[in-house]
Structures are given as structure tokens and as C-alpha cells.
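J.: My numbering puts the first residue of the sequence shown at 82, with every later residue one more than the last.
Glycine included, each C-beta is placed from N, C-alpha and C at the ideal position.
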Amino acid sequence: MTDHPSFKELLSEKIFTVSEINARIKETIEEEIGFEYVWIVGEISNFKGNYASGHWYFSLKDNETQISAVCFKWANQYIKFLPENGMEVILCGQISVYEKQGSYQVNVRNVEPKGVGAQALALEQLKEKLLKEGLFDEDRKRLLPYLPQRIGIVTSPTGAAVKDILKVLDRRFPNLDILISPARVQGDEAPADIISALGKLYKVKDIELIIVARGGGSKEDLWAFNDEGVAREIAKSPVAVISAVGHEIDITIADLVADVRAATPSMAAEIAVREKFELKEDLIYFKEQIALALTNRIELYAREVDQLQSEFVYTFQSKLDSASSEFLNLAGNLDALSPLKVLQRGYSITQKLPKKVIVKDSSKLKKGDEVLVSFSKGEATCTVKETKN
């Protein structure tokens, strides 16, 4: 049999409390690797973002094991994308022991997506988020004013972009009222500057159009225009916004949110106002269209008047014919009922003199009364000799 220490023999050794043993483990681990930064590759799972504290909690696993990880708010605010479950990452952090639980974890300082740049991933995540919210929808975008009298520009006051814009605007429509709201357009402070510059223009009376512009540069130089805050500030503009960032091939989130995207700052100015000769051509065109519309309307009204006149004449003639026919019919009926017609049939009318009261009853007469008898032709005065009832 193998020798096995008895319980008494074991008791003779030093006995640790739970706290003491966890402290020894913490000390051992931290002495070995705790103060060193380690790089670990694995798949994220059980990701939880604490919205109250701003901390991230998750596990990093491979095919066989996993390790807990925490990324505190002061660290994750510098990470450009939001980790998701199932995402393969490479993280940098320090191993620490949580004595109360007797567990260890990685205190994460930085995270990079494996195979994809953090910046590119952050951009795609933001695009998807804003797309779902409808900020890129065409039906929310406004038409540009036909002839703006006051234009606001957000850009660097010393850059090439503002010079290009002013040059084109002056050539196309001199004496236009232009207000420049200066902002840094590159660097970490640029997004806050752009947001502030836009906000100032929103408070200015009679601004009809805003141009947000920056000249060409690398993707990193233009990154301020991929900022979520800048995108949301553009989206809430009370007037139409033209975004002109970089060159033709550069498309930023600001371009997608703006009402109109221009390939360059110069093109933004071309789009913003019409040139004088274009306005002259427009006026000639509008004049011709108005004249044509008036001619068409007059011809339409003339046809309607002719139609109404024809209908009136027809209706009047029809009513006149109907009335004439009715009149003749009534006249015929009246003629048939006329006393003269009765007389023509051999009857006579007797009137008592001197008042010429028509006599309908012989009892109204007495011997000696004088009466006037009317015939179809002529009349005679007679004296009553005798009456019979």
C-alpha cells in the first residue's frame, strides 16, 4: 500500500482561511503576469453592457475553455466599435483576481476585431444602426431651395474648401448673403466643433441652405464626418443640407444623412445656386410656359362659352316652343269655353235692364221688365209679357 498522510499529520501543517488562500492566489498570479499586459485571442460570448455604469462584461472562449473579462467605462470609451457575441477578437489586458469570489478575470484595455479593423467595423455598425432608424431614407430628404438668399457654411475658415466654395458662389451669383460657421474638420475635437457650428447656424434667422464641407484627404482625415453625433446633428437640421466631404470616391456617413451629397466643395456651390444665365433661361422658359398656359386657358374658356351659348339657345328655343304650344292649347280650350261660341250654336244671353244683370232664372223677371237679348250677331231690347217657372 502507498503511504497516505493521516488527518492528524495533515493538521500539523499550516491551515489557511479562505481569504488567506485567495490572497495567496491573487499574489501569485499578479506577481507572475498580473502587472504585464497580455494579448489573448478568442470568441466573445455572454456580452453584457451595463447601461448604468457603462462597463462591459463578457467571456472570451476557444474550443475548450473560457475566461471572464471586464472592460470598464474609462477604457471602452476609446474602443471604436461595440463587441458582439460570436465575434472573434484580439484583446489586450491584465489578469486580476477577484478575492471575494475566488475567481480571476481579464481587465481589458483594448479590443481589436480579428481580421477587420476596429474603425471599419465601427463604421459598418453605425451605418446599419442609422439605416434601421431611417436616417438614410430618401423620403425624409428635402428639395433644395430654388434661389436661396442666405447660405450657411460649416468648414475650416482657413482651408481650401471654403475658398473654393466662395469663389464658385461669387462667380455664379454675386452679392449672395453667406455666413461661415467655423469648425475644425480633422482630429479628435472636430466632431464636437462641427456639431457646435451647425447648432449656431440653426439659430440664425433666414438661413435657407447649409453646406458642410471639407477638402480631400485620407480616410483618417475625413473620419470626423463618420461621427454619429455629427450625423444626428445634420439629420435634425431645419433646412436642407449639402454635404461635400473629400473627393468623388469618398463617401461618409454625413453624405448619407444629408439631403444632397456633392462630390467636392466646389460642386456643392454649383448645386447650391444657379448661374445668372441659367436664371435668365429659366425666366424665358417660365414666360413661355405662362403664355402657353394662358392661351390654352383662353381657348378652353372660349370653347366652354360657345358650348354654353349653344346649350342656352337650344334650351331657350325648346322652352319657347313648349310654352307656345301650351299657350295655343290653352287658347283653344278657352275659345271653346267662350260665350261667343255658345251664341254661335244658336243660344242667346239675356240681361235685365237697366243694370244688365245676366238672367239665369225666369223667376227673377216679371211682366213689364225690360231685357237685353244678345245673339251671335246683334242684340235686341225686349219687354217681358209673361214668365214661366
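Go through the stretch 287-372 residue by residue and report every complete run of the beta strand (DSSP E) that reaches 3 residues or more, in order.
T.: Fully enclosed beta strand (DSSP E) runs of 3 or longer: 290-295, 321-326.
J.: Report the option in K161, V438, I148 whose CA atom is closest to the CA atom of W304.
T.: Of K161, V438, I148, the residue nearest in Cα terms is K161.
J.: Name the DSSP bridge partner or partners of N191?
T.: DSSP, once it has assigned bridges, lists C173 as partnering N191.
J.: In the DSSP assignment, find the alpha helix (DSSP H) that holds Q425 and state where it starts and stops.
T.: First-last of the alpha helix (DSSP H) with Q425: 420-425.
J.: Near N470, what residues of its chain come up, given a Cβ to Cβ distance below 7 Å and the 5 sequence neighbours on each side ignored?
T.: Excluding residues within five positions, the ones whose Cβ falls inside 7 Å are S443, S444.
J.: Near G321, what residues of its chain come up, given a Cβ to Cβ distance below 6 Å and the 5 sequence neighbours on each side ignored?
T.: Here residue 321 turns out to be Ala, not Gly, going by the sequence shown. These residues qualify, in order along the chain: R223, L225, L290, D340.
J.: Suppose you measure from the CA of K244 to the CA of D302; what does that come to, to the nearest Å?
T.: The straight-line gap from Cα to Cα measures roughly 19 Å.
J.: Leaving out five residues on either side along the sequence, give the residues of the same chain with a beta carbon under 8 Å from the beta carbon of E117.
T.: If we look at E117 and ignore the five residues flanking it on each side, its Cβ neighbours are Q175.
J.: For the alpha helix (DSSP H) containing A264, list its first residue and its last residue.
T.: Here A264 belongs to no alpha helix (DSSP H), and DSSP marks it neither H nor E.
J.: Could you compute how far the alpha carbon of P164 sits from the alpha carbon of E193?
T.: Near 9 Å, if we compare the C-alpha coordinates of E193 and P164.
J.: Is V354 closer than 8 Å to L250 when the C-beta atoms are compared?
T.: Yes, the pair counts as a contact, with Cβ atoms nearer than the cut-off.
J.: Determine whether the beta carbon atoms of L207 and L172 lie at a separation below 8 Å.
T.: No, these two residues do not count as a Cβ contact at 8 Å.
J.: Can you give me the start and stop residues for the beta strand (DSSP E) that R231 sits inside?
T.: Unbroken beta strand (DSSP E) run through R231: 231-236.
J.: Taking the beta strand (DSSP E) that V151 belongs to, which residues open and close that run?
T.: Per DSSP, V151 belongs to the beta strand (DSSP E) from 147-152.
J.: For E460, tell me which candidate among Y428, K447, E101 has the shortest Cα-Cα distance.
T.: E460 has its Cα closest to that of Y428, out of Y428, K447, E101.
J.: If you drop the 5 nearest sequence neighbours on each side, which residues of the same chain put their C-beta closer than 6 Å to that of E392?
T.: Within the same chain, E392 has no close Cβ partners at all.
J.: In or out: V178 buried (at least 16 other Cβ within 10 Å) or exposed?
T.: Burial call: buried.
J.: Would you check if the distance between the CB atom of P272 and the CB atom of D331 is smaller than 8 Å?
T.: Not a contact, by the Cβ cut-off of 8 Å.
J.: For the pair the stretch 361-380 and the stretch 252-269, tell me if three or more CB-CB distances fall below 8 Å.
T.: With the cut-off at 8 Å, the stretch 361-380 and the stretch 252-269 do not touch.
J.: Using only CA atoms, which one of E385, G413, V293 lies nearest to P346?
T.: Of E385, G413, V293, the residue nearest in Cα terms is V293.
J.: Among L421, V452, S324, which one has its Cα closest to the Cα of P435?
T.: Here the closest residue by C-alpha is V452.
J.: Can you tell me which of R295, D258, E270 puts its alpha carbon nearest to the alpha carbon of D285?
T.: For the sequence presented, residue 285 should be read as Val rather than Asp. Comparing Cα positions, the closest option is D258.
J.: Run through DSSP, which three-state label would Q432 get?
T.: Looking at Q432 - three-state DSSP - the assignment turns out to be strand.
J.: Sort G183, G196, D450, N166 by Cα distance to I125 and report the nearest one.
T.: With distances taken between Cα atoms, I125 lies closest to N166.
J.: Pull up the DSSP beta-bridge partners for D258, would you.
T.: Paired residue(s): R231.
J.: For G183, which residues in the same chain have their Cβ closer than 7 Å to its Cβ, ignoring the five residues on either side in sequence?
T.: Contacts found: N103.
J.: Can you give the Cα-Cα distance for Y159 and I315, rounded to whole angstroms?
T.: Using only the alpha carbons, I get a separation of about 24 Å.
J.: Would you kindly check if the distance between the Cβ of K195 and the Cβ of E169 is under 8 Å?
T.: Against a cut-off of 8 Å, the Cβ pair of K195 and E169 comes out as a contact.
J.: First and last residue of the alpha helix (DSSP H) that includes G280?
T.: From DSSP, the alpha helix (DSSP H) with G280 extends over 271-283.
J.: Taking the C-alpha atoms as reference points, what is the distance between R221 and R190?
T.: Cα to Cα, the separation comes out at about 40 Å.
J.: Per DSSP, L141 is paired with what?
T.: The partner list for L141 (beta bridge, DSSP) reads I125, I148.
J.: Quick one: what's A461 bridged to in DSSP?
T.: Beta-bridge pairing links A461 to V454.
J.: Can you tell which of S277, F397, G449 has the C-alpha that lies nearest to the C-alpha of A312?
T.: Nearest C-alpha to A312: S277.
J.: Leaving out five residues before and five after G240 in sequence, what residues of the same chain have Cβ atoms less than 8 Å from its Cβ?
T.: Correct list, in chain order: V266, R295, G296.
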